[in-house]
Every structure is written in C-alpha cells, then in structure tokens.
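S.K.: Have a look at the structure that comes next, please.
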Amino acid sequence: MFDTLTSLIGLPISDDRIIAFIEKNGFKYPKKPTISNRSTDTTYWVENKKLGFDLLFSAQVYVDNYPLIAGDKKGIFIPILSHVRWHNNKSKTRLPHDLDFNFKFDALKNLLGEPTLKSSDIARVWINDDGSESFYRWQLPVDTEKNIYWGLQYDDDDSIRDFSLGLPYDMPVLEFYDKFMSENFTTFSKATGFYRTAKLMFLQWAIERDLLQLDTEKAKIAAAIKERKAPITDMINALDRGYVLEDDFSSENSFARIYTHNLSGFNILYTQDVAYNFLQDATLRENYFGEAARKELSAFVYNEENYQIVKGIIDNRLAEYKSHKFSKSKQLA
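FYI, the UniProt record's numbering numbers position 6 of the sequence shown as 6, with every residue one higher than the one before it.
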C-alpha cells in the first residue's frame, strides 16, 4: 500500500490510476473534483474511516515540480494527490522501518535520529504553557527527485498522532502574484501599492545579504540588482512563479518567515514596522489597514531613500531576532 500510494503522489485526481485506487479501496470519488479560484479552499480531503487514512488533493502546492493544472474553464483547476495521512493502521500498511502507532519517542529517535521539526520551530504560540514542546515531527525523503517525503507527528501526550506521505507543505515567505487567481508577471508589473513595494524591498534586502539560493542566471540578475543596474522586478520575472519560499533562503530563513508572518508571538511584523515608520499620525498607526492610512501609504514609493530606511529596519529586527527572538522587542514609534 505504501509503495502504491507513493507512485500516486503528484497525480491529478482525474488520472485513471487515482480513479482506480479510489474505487478499489472504498473511497468516494468527489462529485466536484475540480477546484475554483472563486472558492476559499484550494484543497479537499477524500476520507476513508474504515482504512484509517485520508487523501488530500491540492490545486496549489508551491513545489516547482508540480505546477497548477488548468481545468476546462478559466479559474478552474484540477487538484493533485499531495498528501496521505494515516490516523491509525486499519489498512495494515507496511510503513517504513516497520513502524506502528505503538512506538515511543526514544525508540523513534534511536531509529530515525532527532526530529526534523518541533512545535517551537513553527511559532511560539505552539509551545505549551510550561515551556515544553507540544509536538515533534519527522520528515524523511522517499524520492527527492519527485519531492516526496514520509513522516510522522509525535504529540505531548506521548503518542504518535499520525503518519504521513506526500509533498512538502510550504507557504510563501513573500508572495508577489498568485497564478491560482489568474495573476502573472504582467498583472504584477501593472500593480501598485504599499504592500507590493514593501515586499519588493524585503526581497532586495535578502538579495543584498546573499541570503537566497540562486542558479547561475538568477545570480547574475542579483548582481545587477546590487549594483543598481537592474530593477528588483527583474528577479520576480526570473523566478517565474510569483513567490519566494523559506527553502529558497540559504540562511536567516526562520527570521524571514517569522518576521513577515508575525509568528513570534510578540506582534512583530515586517509590514507593520514599515507602515508605522512612514505614518506620522499616531491615529493612523493604530489602524494602518484603514482607508485613511492606506491613502497616506499609497505615497510610499520604491526609491533609494525609502529603501535605505527599510533596510535599516530589517537589519535592526534581524539583530533583535538573533539576540532574543523578539521577546524584548518594542513596536516602532
């Protein structure tokens, strides 16, 4: 079963092999297998309580090997099998290393090594009140060329919560346009606004610090950006996907993810910092999402003077993160 499911990862739900597996094993094929970009959901589960494992189908997975698959109408996409999750092993699947749900933490460490992720690595809010970790995860390769991994989660109740198989789950650190919403580099180039400008400045900061893993062609573009011989948007065009992932960073990746997504637990957020710095009125700062603040922030443009100010903000926050993970940080006044 495990090998069979591995061979199905990444296939669209319309594939004959997926359909045959669903029918053979008692799953119900969804009445509406496609996903619309007018929906708030980009995924859905196909469940089977009798077997104890479920199939997750996703339209967008943020893995380069698996681009969006367009349906027969604009805004309609065909999801792929991105993940399998075992809640128990009624299916009697032979898992790697002959693991089962009875294994304890120390035995797992002896067999698999240290966990590859713990709750505090994601966000401080996941830590228990007593400071202990609420869960640990292992993610280990099955097929690196196809980006397929297997893993498990071990919870603080001293038990395995689930086993998993599939593609890595990774949300963008920076997102400039969304192909799922029929956006592309052309629509991005025509767009304006504070958040667009702020995200571009964070990308330039990362490039200037050599924090991104780039191939030869993109490295040349990065060099030109550093020398002010090319606009930062040239890198967006070269990426050809509209986003930057945590895995794209060679270092300071945790800082980038936590700072841009407010995951520290101390309300330290990149775009908030930039907005607070450029909004002179305290009332506007209190509601920087409001219409009045947005109007003032619309004047925030991408130029060298503004970039140097933002660069200083990010540098200071990086120093704070390295020192105390934002635990002693204060809001910009």
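A virtual CB, placed ideally from N, CA and C, is assigned to each residue, including glycine. Remember, predicted model here, so these are calculated numbers, not experimental data.
#1: Once you ignore the five residues that flank Phe194 on each side, which residues in its own chain have a CB closer than 6 angstroms to its CB?
#2: Can you check DSSP and say which residues form a bridge with Ala198?
#3: Counting C-beta neighbours from all protein chains within 10 Å, is the total for Pro141 16 or more, i.e. buried, or is it exposed?
#4: If you count every other CB in all the chains shown that lies within 10 Å of the CB of Thr34, and 16 or more means buried, which is it?
#5: My understanding is that Asp98 touches Asn89, with C-beta atoms under 8 angstroms, so please give their C-beta distance in whole angstroms.
#6: Starting from Ser164, follow the beta strand (DSSP E) in both directions and report where the run begins and ends.
#7: Which residue's Cα is closest to the Cα of Lys118: Arg137, Asn102, Asp129 and Asn110?
#8: Helix, strand or coil: how does DSSP classify Glu175 here?
#9: Look at the alpha carbon of Ile225 and the alpha carbon of Glu47, and state the distance between them as a whole number of angstroms.
#10: Helix, strand or coil: which one does DSSP assign to Ile80?
#11: Measuring alpha carbon to alpha carbon, tell me which residue in Thr43, Ile221 and Leu152 is nearest Leu111.
#12: The alpha helix (DSSP H) with Gln308 in it runs from where to where?
#13: Taking 8 angstroms as the cut-off, decide whether the C-beta atoms of Gly166 and Ile9 are in contact.
#14: Measure from the alpha carbon of Leu203 to the alpha carbon of each residue in Arg124, Pro172 and Ser120, then state which is nearest.
M.R.: Result, derived from the coordinates:
#1: Counted from its first residue, the sequence shown places residue 194 at position 194. So the list reads Leu297 and Phe300, once near-sequence residues are dropped.
#2: By one-based count along the sequence shown, residue 198 stands at place 198. Ala198 pairs with nothing; no bridge assigned.
#3: Position 141 of the sequence shown, counted from the first residue, corresponds to residue 141. It is exposed - the Cβ of Pro141 has fewer than 16 other Cβ atoms within 10 Å.
#4: Counting from 1 along the sequence shown, the entry for residue 34 is found at position 34. By the neighbour-count rule (16 or more Cβ atoms within 10 Å), Thr34 is buried.
#5: The residue labelled residue 98 in the question sits at position 98 within the sequence shown. The residue labelled residue 89 in the question sits at position 89 within the sequence shown. Rounded, the Cβ-Cβ distance is 11 angstroms, inconsistent with contact.
#6: Position 164 of the sequence shown, counted from the start, is the residue given in the question as residue 164. Note, Ser164: beta strand (DSSP E), Ser159 to Gly166.
#7: By one-based count along the sequence shown, residue 118 stands at place 118. Checked all of Arg137, Asn102, Asp129 and Asn110; the closest Cα to Lys118 is Arg137.
#8: Your numbering for residue 175 matches position 175 in the sequence shown. The answer is strand: DSSP assigns Glu175 an E or B state.
#9: Here residue 225 refers to the residue found at position 225 when the sequence shown is read from its first residue. Here residue 47 refers to the residue found at position 47 when the sequence shown is read from its first residue. Cα to Cα, the separation comes out at about 48 angstroms.
#10: Taking the first residue of the sequence shown as 1, we reach residue 80 at position 80. Three-state DSSP puts Ile80 in a strand.
#11: Locating residue 111 in the sequence shown gives position 111, counting from the first residue. Among Thr43, Ile221 and Leu152, the Cα nearest to that of Leu111 belongs to Leu152.
#12: Against the sequence shown, residue 308 aligns to sequence position 308. Segment Glu304 to His324, the alpha helix (DSSP H) holding Gln308.
#13: Here residue 166 refers to the residue found at position 166 of the sequence shown. Here residue 9 refers to the residue found at position 9 of the sequence shown. Yes, the pair counts as a contact, with Cβ atoms nearer than the cut-off.
#14: Position 203 of the sequence shown, counting from 1, holds the residue named residue 203. Of the candidates Arg124, Pro172 and Ser120, the one whose C-alpha sits nearest the C-alpha of Leu203 is Pro172.
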